[in-house]
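Only one structure is covered here, and it is reproduced in the block below.
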């Protein structure tokens, strides 16, 4: 027991205060002390070995940079049952005051509290320190903290955040902590708490048999799936799954998947940051390895194995897009329960059995279409090889009409764009080249809109994305129709537009002739105001000078003295300014009269003078494309007939432009649509398969009944 005895220098106080014989909890720090060595023995580095100590144990203890010291005490109360470490005790100066630790009910054994970098005066008979490195969480990862100390977590999960569902707890409780540790260096007592590293980036997993996969890859054990179809065929499937674990969800994932074994090689690689030569610079984490092995591998594999049994193998191949979409939804929902985000599920390769592999090649079709028909079908974004079949005769006419419409629109665009460019540049060559280029743009835009238009297959397809995509295509088609139609409208009403522009030019010319007169009138108005002011001031100055001479004002002395002369001079000065302003006004009035005579002369002979005046302006600007659009707009407002014809032309081009898209979107699915879907999905044609029954029967002479049964199932 440590007692107050002036660092053992007062032996009487030591005895009176209850000092005890034997090893003492109190220590002496660096300095000089007056101690009775007959009563006390001081153990130093010189005599440490005599008392079972090493000399370095009696030096000031140093925790090195980048490390912490984990403390084990040899004195105190025994730990409660079920606890591996003692809780934090306040007020003992980081174990440097053992008596305070004991008085505050400190426990003997491993301590949750640790000492950080620095120098510490510690009693080696009271504590033992183990130095461990600071925990480093690398950039792009987070650490999930698992605490073996703290309050019991039963009933303390936050139900509003679903912590109870994932068995994670707030800080201060035993278990998986609900707040992960961000990237950086952190002091953590690894004897009572463990860290599981979870990467925060997207991870791609391939179910694909590849001998070149590094053994350290997360998907090193994932092989190509072998599935069995409803009709008894075994086929292979390669799948890619992309996942991501948000940092805030990493504790949830660990709680569901389980923490890695601390003694596993992956855990060593994880904590030590060791990079395997096979990983090519990428550190792999056992938390993800566990997720793949325990959750993803059985989840994805079993889903496709079970789902494949609901389809014939050819139906599975044909409906791969729908199957992929359903798999994405299912796996996303299932992984959400683990705190894992499924970014995407992708079906890559479907390997048909050998007896069906050669049947996916498309048959040779007798293509008897001429070059014009092929070009029109290509313009409509259709496959002329498929439309050449007899089953697609009706749809061939439909797509030919669509292609003709596209070609008609682009041909019209040549004249429309050429005329628009001619109004801008006035060059026939530039108009021809520009019109052809514009026609090429319109042609490709129309063809793209038709190619990208997908009809609804069922009412369930009428969702927001389908409506938005369709609306966007129609809006683009409307804009194209307006752009193509407007120059043609300008050409149709060219005579009226030229007259309107000429009238506007004359009005502008008249306005230009009137502007100088208006400017002079404004100047005269300003001069008159100033002249009147001087006139009034002159009268006042004359009156003041006369009154001074008469002695009625000013000095009151009769006669023309010095004061009178000053006032007379001032009055004469104001009078002179008044006369000057009056002369200026008369000069400007004469200038106005002259301008009015010139204007009247020009207006009386507009065929010569106005034309000459207009040539002085920028004719290119007044006759340009924008000026013609403005003139057409004004004519439409003034003349109902022009307005109606204008709208009819626009409506005609709108109808021509959007009709191919509407026909493709609203028409029902025909043979061509089914055949093109089969081709895009690497599917065989159903009728071609029936024509190959004999080939299937010949695959194995001893298995004819087996293959006949398969054929009957396919035909049903």
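In this note's numbering, the protein residues as written are 7 to 722. Glycine is no exception: its CB is placed at the ideal position from the N, C-alpha and C atoms. Here the structure is a predicted model, which means the values were calculated and not measured.
Nearest-angstrom Cα separation, counted from residue j out to residue i
i	j	result
residue 134	residue 216	52 Å
residue 650	residue 503	16 Å
residue 312	residue 351	16 Å
residue 355	residue 245	7 Å
residue 521	residue 596	16 Å
residue 207	residue 113	43 Å
residue 563	residue 589	38 Å
residue 8	residue 120	23 Å
residue 420	residue 452	14 Å
residue 353	residue 237	21 Å
residue 717	residue 399	Low confidence applies to residue 717: its pLDDT is 47, below 50, so where it sits in the model is not reliable, and the reading given next is rough at best. Whole-angstrom Cα-Cα distance: 28 Å.
residue 568	residue 542	24 Å
residue 466	residue 322	For residue 466, the predicted structure reports a pLDDT of 45, less than 50, and the residue's modelled location is therefore unreliable. A value from the coordinates is still provided. Answer to the nearest angstrom: the Cα atoms are 21 Å apart.
residue 404	residue 376	17 Å
residue 273	residue 196	Interpretation of residue 273 is limited by its pLDDT of 41, a score under 50 that renders its predicted location unreliable; the figure taken from the coordinates is listed afterwards. When rounded, the distance between both Cα atoms is 14 Å.
residue 257	residue 185	7 Å
residue 23	residue 91	33 Å
residue 387	residue 443	20 Å
residue 101	residue 107	7 Å
residue 526	residue 604	15 Å
residue 198	residue 89	10 Å
residue 263	residue 142	23 Å
residue 382	residue 640	40 Å
residue 290	residue 228	16 Å
residue 297	residue 305	11 Å
residue 122	residue 29	27 Å
residue 309	residue 390	39 Å
residue 20	residue 62	28 Å
residue 214	residue 358	15 Å
residue 10	residue 18	11 Å
residue 524	residue 655	45 Å
residue 477	residue 172	44 Å
residue 514	residue 449	42 Å
Buried versus exposed, by CB contacts within 10 Å (16 or more), residue i
i	result
residue 5	Residue 5 lies beyond the range of the chain shown here (7 to 722); nothing can be said about it.
residue 554	buried
residue 319	buried
residue 463	Caution is warranted here: a pLDDT of 46 is assigned to residue 463, below 50, making its placement in the model unreliable, and no coordinate value can be reported.
residue 585	exposed
residue 643	exposed
residue 593	exposed
residue 225	buried
residue 622	Bear in mind that the predicted position of residue 622 carries a pLDDT of just 47, short of 50, making it too unreliable to give a figure here.
residue 156	buried
residue 110	exposed
residue 447	exposed
residue 409	buried
residue 43	exposed
residue 493	buried
residue 205	buried
residue 314	buried
residue 634	buried
residue 411	buried
residue 71	exposed
residue 727	Residue 727 lies beyond the residue range present for the chain, which begins at 7 and ends at 722; the question has no answer from this structure.
residue 95	buried
residue 12	exposed
For residue i, the nearest candidate out of the options (CA to CA)
i	options	result
residue 74	32, 191, 9	191
residue 138	43, 76, 223	76
residue 200	258, 181, 536	181
residue 158	602, 183, 35	183
residue 64	222, 606, 131	131
residue 657	583, 546, 484, 211	484
residue 67	33, 98, 293, 125	125
CB contact check: residue i to chain C, cutoff 7 Å
i	result
residue 602	Here chain C cannot be found, since the structure has a single protein chain.
Are there three or more Cβ pairs, one per stretch, closer than 8 Å when the region 145-154 is compared with the region 226-234?
no
Just list the beta strand (DSSP E) runs in the region 146-227, keeping only unbroken ones of 3 residues or longer that don't cross its boundaries, in chain order.
147-153, 181-183, 190-192, 199-205, 209-213
Please list the segments of the alpha helix (DSSP H) lying wholly inside the region 532-620, counting only runs of 4 or more residues, in order along the chain.
568-610
Taking only runs of the alpha helix (DSSP H) that begin and end inside the region 314-347, which ones reach a length of at least 4 residues, in chain order?
319-324, 326-342
Within the region 394-455, ranges of the alpha helix (DSSP H) (whole runs, at least 4 residues):
399-431
Any chance you could list the alpha helix (DSSP H) runs of at least 4 consecutive residues sitting entirely within the region 89-155, in chain order?
104-109
Can you list the beta strand (DSSP E) stretches of 3 or more residues lying completely in the region 34-91, in chain order?
67-69, 73-79
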